[in-house]
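Asks:
Number of protein chains: 2
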Amino acid sequence: MHTSSPTREILDVAWELVRADGLSALSMRELGARVGLRAQSLYVYFPSKHAIYDAMFTNANRELLDRRRALDPPADPTAALRELAHQFVEFCTEDTVRYQLLFQRTIPGFEPSEQSYAVAREVLDWGRRVLADVGVTDPADFDLYTALIAGLVAQQNANEPGGDRWTRLLDRVIDMFLAEVARRNSNTDATLPREPS
Amino acid sequence: MHTSSPTREILDVAWELVRADGLSALSMRELGARVGLRAQSLYVYFPSKHAIYDAMFTNANRELLDRRRALDPPADPTAALRELAHQFVEFCTEDTVRYQLLFQRTIPGFEPSEQSYAVAREVLDWGRRVLADVGVTDPADFDLYTALIAGLVAQQNANEPGGDRWTRLLDRVIDMFLAEVARRNSNTDATLPREPS
DNA sequence: GTCTATACATCGATAGAC
DNA sequence: GTCTATCGATGTATAGAC
Chain A
212 MHTSSPTREI LDVAWELVRA DGLSALSMRE LGARVGLRAQ SLYVYFPSKH
262 AIYDAMFTNA NRELLDRRRA LDPPADPTAA LRELAHQFVE FCTEDTVRYQ
312 LLFQRTIPGF EPSEQSYAVA REVLDWGRRV LADVGVTDPA DFDLYTALIA
362 GLVAQQNANE PGGDRWTRLL DRVIDMFLAE VARRNSNTDA TLPREPS
Chain B
212 MHTSSPTREI LDVAWELVRA DGLSALSMRE LGARVGLRAQ SLYVYFPSKH
262 AIYDAMFTNA NRELLDRRRA LDPPADPTAA LRELAHQFVE FCTEDTVRYQ
312 LLFQRTIPGF EPSEQSYAVA REVLDWGRRV LADVGVTDPA DFDLYTALIA
362 GLVAQQNANE PGGDRWTRLL DRVIDMFLAE VARRNSNTDA TLPREPS
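Protein chains in written order, with our numbering: chain A, 212 to 408; chain B, 212 to 408.
1. Return the residues of the segment 356-368 of chain B that lie within a Cβ-Cβ distance of less than 9 Å from chain A, sorted by chain order.
2. Along the chain, where does the alpha helix (DSSP H) that runs through W337 of chain A open and close?
3. Buried or exposed, going by whether 16 or more other CB atoms sit within 10 Å of the CB of N368 of chain B?
4. What residue range does the alpha helix (DSSP H) around Y290 of chain B cover?
5. With L255 of chain A as the anchor, note down where its alpha helix (DSSP H) starts and where it stops.
6. Could you check which residue in A:R240, A:F257, A:Y256, A:E322 has the C-alpha nearest to that of A250 of chain A?
7. Return no unless some Cβ of chain B is closer than 8 Å to the Cβ of P319 of chain A.
8. Consult DSSP for T317 of chain B and reduce its assignment to one of helix, strand or coil.
9. Given 8 Å as the limit, is there contact between the segment 290-305 of chain B and the segment 223-232 of chain B, that is, 3 or more CB pairs closer than that?
10. Apart from the five residues on each side of it in sequence, which residues of its chain come closer than 8 Å, Cβ to Cβ, to D283 of chain B?
11. Taking just the CA atoms, how far does P372 of chain A sit from G243 of chain A?
12. Given that S259 of chain A touches chain B, what residues does it touch there, using C-beta distances under 7 Å?
13. Give the DSSP-derived three-state secondary structure of R376 of chain A in the structure shown.
14. Quick check on G233 of chain B: does DSSP put it in helix, strand or coil?
15. Which residue from A:Y264, A:Y356, A:R332 puts its Cα closest to that of I318 of chain A?
16. Note down the Cα distance separating L359 of chain A from L248 of chain B, rounded to an integer number of angstroms.
17. Pick from B:E333, B:A365, B:E220: whose alpha carbon is nearest that of F280 of chain B?
18. Given a cut-off of 8 Å, decide if L363 of chain B and L380 of chain B are closer than it, judged by their beta-carbon atoms.
19. Looking at C-alpha atoms only, which residue of B:R309, B:Y310, B:V308, B:Q315 is the closest neighbour of V308 of chain A?
20. For L242 of chain B, report the span of its alpha helix (DSSP H) as first-last.
21. Can you give me the Cβ contacts of L389 of chain A inside the same chain, cut-off strictly under 6 Å, excluding the 5 residues immediately before and after it?
22. Determine the closest residue to V330 of chain A out of A:Y254, A:N398, A:N272, A:A286, with distance taken between C-alpha atoms.
23. Excluding five sequence neighbours on each side, which residues of the same chain lie with their C-beta closer than 7 Å to the C-beta of M267 of chain A?
24. Have a look at A:V246, A:H297, A:R394 and flag the residue whose alpha-carbon is nearest the alpha-carbon of S216 of chain A.
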């Protein structure tokens, strides 16, 4: 019996270190010391430092997925979208290092593995589903949505980490987005010939 | 007589290296070798590697300012805003490493110096002036604007560097933004009591 | 599985000779 | 101003004792 596997403990401590000193300041010797191991022994559990980053990447995406599953989505699709967006923005701003790992290409040689990407895709597909529920199915509209959210988060984390100068604009941004999509759809209906039915 | 100072040449080569290998892959030894010096001799011109990053930061902001000054802004304020936004987005996406240095906090201990920030503020103030010309003076509206542009650029650079999947949404985003500000202003006019005059 | 020991190449940075 | 020499770090790797 054990409370946590060595692998699990290494990852937990890695997150601690990274949060304290920055994403790229993760050192194998330091990490080993914190878990009572020499740096070399870490290679028993992870083949390289990038493998640790990769596990952290998966880690973080799973955490986001878990939180989404924990939501009890309201019946109203728009309310559900709002809830999702707020959860995502909070997730991205409550831990800027995690945000950096997930959404910025900042570690020199690190590229998430295929299986890590799979989890990231799950997150994105979840978003697509929620948007489809409010009638947004055009891929360009979805790109627009991700850009709007990404912009708020990027500005918040870059210029006022921990604050809410940008994130408090979220509901306004969602309204603006939904109005824009509705406007564009009604324009399209009015000006383009109908599909034969 | 000389074609360029050592300082200038070091910076030029630093940009080359960084564009080739990534922002954090800048190495003093490599940089020295490319300019015909040993790494240690670089410290005659820059007191540290961060000082080189700082000079590059100022460098890039000045380049952006120069381009703005080179614009011959159209008389119509909205057209001028469009032109500015397009120029900015192109500036941010044509060189992702430069974008990373200017707008992402990615280098472990690097913080731009006060005088470097001054140039960055000039850039921001320029944007504020152009937005004021189209009637956008509320600071929250300006924050909204910067987030919208930042979002397009962030998504483009992170997910499809060199492409235009997000940046081609720029005019749509500007329209959406202007409509939102207009809507909000008219709402305010209609529902709030006027100031005594 | 973990240790010690050792190795190699890399890094930023400093001291001091010339 | 440029050099050699050196320092203390880093990631990575291997060999071998226990």
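We put the beta carbon where it would ideally sit given N, CA and C, even for glycine.
Replies: Looking at the atomic coordinates:
1. When CB distances to chain A are screened at a threshold of 9 Å, the residues of the segment 356-368 of chain B falling below it are T357, A358, L359, I360, A361, G362, L363, V364, A365, Q366, Q367, N368, in chain order.
2. Numbered from its first residue, the first sequence carries residue 337 of chain A at position 126. Where W337 of chain A is concerned, the enclosing alpha helix (DSSP H) stretches over 325-344.
3. Locating residue 368 of chain B in the second sequence gives position 157, counting from the first residue. So N368 of chain B ends up on the buried side.
4. Sequence index remark: in the second sequence, residue 290 of chain B carries index 79 (1-based). Checking the displayed sequence, the identity of residue 290 of chain B turns out to be Ala instead of Tyr. 288-304 is the span of the alpha helix (DSSP H), which, as asked, contains A290 of chain B.
5. Within the first sequence, numbered from 1, the residue matching residue 255 of chain A stands at position 44. In the sequence on display, residue 255 of chain A carries Val and not Leu. From DSSP, V255 of chain A is part of no alpha helix (DSSP H); its letter is neither H nor E.
6. As a first step, residue 250 of chain A must be located in the first sequence, where it is residue number 39. With distances taken between Cα atoms, A250 of chain A lies closest to A:R240.
7. On the first sequence, position 108 is the one that residue 319 of chain A refers to. Yes, P319 of chain A counts as interfacial toward chain B.
8. Locating residue 317 of chain B in the second sequence gives position 106, counting from the first residue. Here T317 of chain B carries a coil assignment [DSSP, helix/strand/coil].
9. They do not touch, by the three-pair rule.
10. Translated into the one-based positions of the second sequence, residue 283 of chain B becomes position 72. Here the set comprises nothing.
11. Against the first sequence, residue 243 of chain A aligns to sequence position 32. Against the first sequence, residue 372 of chain A aligns to sequence position 161. Roughly 30 Å between the two C-alpha positions.
12. Taking the first residue of the first sequence as position 1, residue 259 of chain A is located at position 48. Going along chain B, no residue has its Cβ under 7 Å from S259 of chain A, so there is no contact; the nearest lies around 17 Å.
13. By 1-based counting over the first sequence, the position of residue 376 of chain A is 165. Coil.
14. Numbered from its first residue, the second sequence carries residue 233 of chain B at position 22. Taken through DSSP and simplified to helix, strand or coil, G233 of chain B comes out as coil.
15. Counting from 1 along the first sequence, the entry for residue 318 of chain A is found at position 107. The residue with the shortest Cα to Cα distance from I318 of chain A is A:Y264.
16. Residue numbering aside, residue 359 of chain A sits at position 148 when the first sequence is read from its first letter. Residue numbering aside, residue 248 of chain B sits at position 37 when the second sequence is read from its first letter. Those two C-alpha atoms are separated by around 46 Å.
17. The residue labelled residue 280 of chain B in the question sits at position 69 within the second sequence. Strictly speaking, residue 280 of chain B in this sequence is Arg, with Phe absent from that position. A check of alpha carbon separations from R280 of chain B across B:E333, B:A365, B:E220 identifies B:E333 as the nearest.
18. As a position in the second sequence, residue 380 of chain B is number 169, starting the count at 1. As a position in the second sequence, residue 363 of chain B is number 152, starting the count at 1. Yes, the Cβ-Cβ distance between L380 of chain B and L363 of chain B is below 8 Å.
19. Position 97 of the first sequence, counting from 1, holds the residue named residue 308 of chain A. Considering only alpha carbons, the answer is B:Q315.
20. On the second sequence, position 31 is the one that residue 242 of chain B refers to. Segment 239-245, the alpha helix (DSSP H) holding L242 of chain B.
21. For the purposes of this step, residue 389 of chain A is identified with residue 178 of the first sequence, where counting begins at 1. So the list is empty, once near-sequence residues are dropped.
22. Against the first sequence, residue 330 of chain A aligns to sequence position 119. Of A:Y254, A:N398, A:N272, A:A286, the residue nearest in Cα terms is A:N272.
23. Here residue 267 of chain A corresponds to residue number 56 of the first sequence, with the count starting at 1. Excluding sequence neighbours, M267 of chain A sits near L222, A225, W226, L312.
24. The residue labelled residue 216 of chain A in the question sits at position 5 within the first sequence. Comparing Cα positions, the closest option is A:V246.
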